[in-house]
Amino acid sequence: MSTKPKKDSTDRARPKVKGWINKTEFVESVVVNDKPAFLVIDTETGKFSVKNTISTPTGIVRPLRKGGAGYMLYEFTLEEIEKINSCKFSLDEILDETNDMVQAYLAVPERDRILVVGNLVLTYCQEWISSVHYPYFVGEYGSGKTTAISLCGILGYRCLVTGSMTYAGIYNTLGNDEEGSGTIAEDEGQNMGRDKIDLYKDSYKKGKTVPRVRGANFSYVTYFKAFCCKWFAGTGVPDDDGLQERFAVVRMLGGKPEKSIGEAYSNRELMRPLHVLRNKLLCYKMKNIKNGFPKIESKLEGRDRELWNDFLSLFKGTKFEEGAKNTVRYYLGQRHDAIKERIDPKILTIIKPMIEENCKVSFQKMWDAITHSEELPGDLDVSGATFHPHFGEKITRNTFSKILREKFHAERLKDDGKRPKVTWYMFDMEVINILSKKYNAGYSL
6 MSTKPKKDST DRARPKVKGW INKTEFVESV VVNDKPAFLV IDTETGKFSV KNTISTPTGI
66 VRPLRKGGAG YMLYEFTLEE IEKINSCKFS LDEILDETND MVQAYLAVPE RDRILVVGNL
126 VLTYCQEWIS SVHYPYFVGE YGSGKTTAIS LCGILGYRCL VTGSMTYAGI YNTLGNDEEG
186 SGTIAEDEGQ NMGRDKIDLY KDSYKKGKTV PRVRGANFSY VTYFKAFCCK WFAGTGVPDD
246 DGLQERFAVV RMLGGKPEKS IGEAYSNREL MRPLHVLRNK LLCYKMKNIK NGFPKIESKL
306 EGRDRELWND FLSLFKGTKF EEGAKNTVRY YLGQRHDAIK ERIDPKILTI IKPMIEENCK
366 VSFQKMWDAI THSEELPGDL DVSGATFHPH FGEKITRNTF SKILREKFHA ERLKDDGKRP
426 KVTWYMFDME VINILSKKYN AGYSL
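According to our numbering, the residues represented by the sequence shown are 6 to 450, in order.
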């Protein structure tokens, strides 16, 4: 008579990536002496310990099993954990070592190196930040864009590197337990579809959840947490204005770095220092999990502040502070220039004087204005229904109407009493002033 083996507690436990297990202890799922375990920090004593499973008010939790995460797990020996109990892991030390490693593997100017360094360290600060910008590395094949993604794949916090992540893959990777449970580094970003574009636009700040119907009979809904640090690379940038506003686009030109990230994957001697730094970054996070880093009060406003204030705060008081400010100035300038070059700010500049004179303006009057303006040079086709700007996509009467309604929040009216019928648009001057300020905004650190 055969008997089934008894299940131990780990079989009944649910997996946990990281998080607080009580008021004073925070855990990270790691591997210790080749076995899955929790690395535990006691925030009162500052000491690390190891646990195999943990009882919580909602049940028993276990660490991730080896090979079940899609990214390299953090590996320690018991001797290493004893040693790290005597280390302080200062932010200055972390930034210095990360900068040296990035400089060895990426041939980029100082401005972009600081961008990479800051974003790598911020992947370990996701408990302390509320929003992020997205580094996007653009270049031809062989330009170094994939090297940047691969470097994040090794050094970034629980970074999953993928050529083209599916929509389902995103929420399954991030899960529904804790926000910021990892980092996504996606190559071939120019090919991303509408579902992912919409998700990435919303999940640059905390609070975004993705509902998914689950169960054999679609009997319940699970809400997955989509916020995390995200890196991208591609030969081009996705054509979506809203998503582009969240990017810091790094133009990669090639160059010969001191070391090859490709060789590191197959060379244990090259990989060892990367793993040592990776473990140190995790320990820095855990040692400081209770308080994080001090936040500054910059002069940035609106989305500029959302995207860059935490980046500036990270470098405050370090030897990289001035370089970080120069990096932020450059990428804020890039963002604001891109906004000004879009078609809707140009259209608003042309029609705003009409709206200021009378908030009710005829469609034809505005159409004639934009198709014969020096602000928007181009050619009107013989039908008078399609305008071809010298730079940018064509504008039809329908797309112009859509811009008025969706971008400028105008109300469409028809005067049926006149012949021929006249289409009017009613504008809210408060909305127009807000948009005008946004399109022409400057910035100050």
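From the three backbone atoms N, C-alpha and C, an ideal C-beta is built for every residue, glycine too. A quick note: this is a predicted structure, and the numbers were derived from the prediction, not measured.
Per-residue burial, residue i [other beta carbons within 10 Å of its own, 16 or more giving buried]
i: N314; result: buried
i: L258; result: exposed
i: D200; result: exposed
i: D235; result: Checking the sequence shown, residue 235 turns out to be Lys, not Asp. K235 should be labelled buried.
i: Y205; result: buried
i: F413; result: buried
i: R283; result: buried
i: T29; result: exposed
i: Y270; result: exposed
i: M6; result: Note that M6 scores 46 on pLDDT, short of 50, meaning its location in the model is unreliable and no value can be drawn from it.
i: M431; result: exposed
i: V218; result: exposed
i: G64; result: exposed
i: V281; result: exposed
i: P10; result: Because P10 carries a pLDDT of 49, less than 50, the predicted location of this residue cannot be relied on, and no value is offered for it.
i: K230; result: buried
i: I439; result: exposed
i: L353; result: buried
i: G185; result: buried
i: L44; result: buried
i: E33; result: buried
Beta-carbon separation (whole angstroms), residue i vs residue j, contact threshold 8 angstroms
i: F237; j: Y129; result: Wrong, their Cβ atoms sit about 19 angstroms apart, outside the cutoff.
i: P216; j: Y225; result: About 11 angstroms separates the two Cβ atoms, so there is no contact after all.
i: G24; j: D182; result: 7 angstroms
i: M291; j: I360; result: Contact flag wrong, Cβ pair sits at about 55 angstroms.
i: I437; j: K357; result: 6 angstroms
i: F31; j: K285; result: F31 to K285, Cβ: 17 angstroms. No contact.
i: D309; j: Y448; result: 5 angstroms
i: S367; j: T428; result: 7 angstroms
i: Q131; j: C288; result: Between C288 and Q131 the Cβ distance is about 16 angstroms, and since that is not below 8 angstroms, they are no contact.
i: V122; j: V137; result: At roughly 15 angstroms, the Cβ-Cβ gap does not stay under 8 angstroms, so V122 and V137 are not in contact.
i: G3; j: I348; result: This structure gives no information on residue 3, because the portion of the chain shown stretches from 6 to 450.
i: K304; j: L450; result: 6 angstroms
i: C164; j: G149; result: No, C164 and G149 are not in contact; Cβ-Cβ is about 18 angstroms, not under 8 angstroms.
i: G198; j: Y141; result: With a Cβ gap of about 17 angstroms, G198 and Y141 do not count as contacting.
i: A3; j: G161; result: Residue 3 lies beyond the residue range present for the chain, which begins at 6 and ends at 450; the question has no answer from this structure.
i: E80; j: V35; result: 7 angstroms
i: L317; j: I294; result: With 8 angstroms as the limit, L317 and I294 do not qualify as a contact, their Cβ atoms being about 21 angstroms apart.
Assigned secondary structure, residue i (DSSP; H/G/I helix, E/B strand, else coil)
i: K211; result: coil
i: R277; result: helix
i: Y289; result: helix
i: L44; result: strand
i: I447; result: In the sequence on display, residue 447 carries Gly and not Ile. DSSP places G447 in coil when its eight states are reduced to three.
i: D309; result: helix
i: K52; result: strand
i: M197; result: coil
i: I439; result: helix
i: K268; result: The amino acid at residue 268 is misidentified as Lys; the sequence shows Glu. Helix at E268.
i: S318; result: helix
i: T332; result: helix
i: V122; result: helix
i: I59; result: strand
i: E30; result: strand
Residues sharing a beta bridge with residue i, DSSP
i: P20; result: R67
i: Y228; result: P216
i: A253; result: P140
i: V36; result: P41 and E80
i: T188; result: C164 and C234
i: M106; result: Answer is none; M106 lacks a bridge partner.
i: G239; result: V143
i: Y430; result: V366 and R417
Cβ-heavy atom distance, residue i to the ligand SAH, below 7 angstroms
i: A173; result: With respect to the ligand SAH, the structure shown offers nothing to examine, as it has no ligands at all.
If we require 3 or more residues per run, which beta strand (DSSP E) segments fall completely within the region 130 to 182? Taking only runs of at least 3 residues, the beta strand (DSSP E) segments lying wholly in the region 130 to 182 are 139 to 143 and 164 to 167.
Report the residue ranges of all alpha helix (DSSP H) runs contained in full by the region 351 to 422; include only those spanning at least 4 residues, in chain order. Listed in chain order, they are 368 to 375 and 402 to 407.
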